[in-house]
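Participant:
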Amino acid sequence: MTTTLSQGPAREPATARRIAAEQADLERLQLEHVRERLLRAGAAAGDDPAAVDAAFREAVAAFAGAPVRAFVPVLVERAVREQLWGARRPGRT
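In this text, residue positions in the sequence shown follow my numbering: the first is 28, and each later residue adds one.
1. Unbroken alpha helix (DSSP H) runs of length 4 or more, entirely within the stretch 84-115: which are they?
2. Looking only at C-alpha atoms, which of A91, L65, F90 and A88 sits nearest to D80?
3. One question on the structure: do V107 and A86 come within less than 8 angstroms of each other, judged by their Cβ atoms?
4. Might you give, ordered along the chain, the residues of its own chain that have their beta carbon closer than 6 angstroms to the beta carbon of R84, omitting 5 neighbours on each side?
5. Looking at A68 and P76, is the spacing between their C-beta atoms short of 8 angstroms?
6. Rounding to the nearest angstrom, what Cα-Cα distance links E104 and E39 in this structure?
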């Protein structure tokens, strides 16, 4: 099969969109895992799940415009743990 120059660029945007969609799906999955960990840690610390969830949503919103997305889940988890528990951080469960 021969590929011409006109075929190459037509495929690139579709490939880039697919990759971006896959990365967004992965980030959503990672964030859901972070949320679950935080809710478990909050329950272990006796915190209201609504407060933990609100802090999680606030942190996610704070990173919404971040140009580099790879570390957003880690940064969200750290931000929530620091906001809610500071020095009395409950262990990861």
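Here a beta-carbon is modelled for each residue, glycine too, at the ideal position from N, C-alpha and C.
What you are looking at is a predicted structure, and each value in this text was computed from that prediction instead of being measured.
Facilitator: Quick look at the numbers:
1. 99-112
2. L65
3. yes
4. none
5. no
6. 34 angstroms
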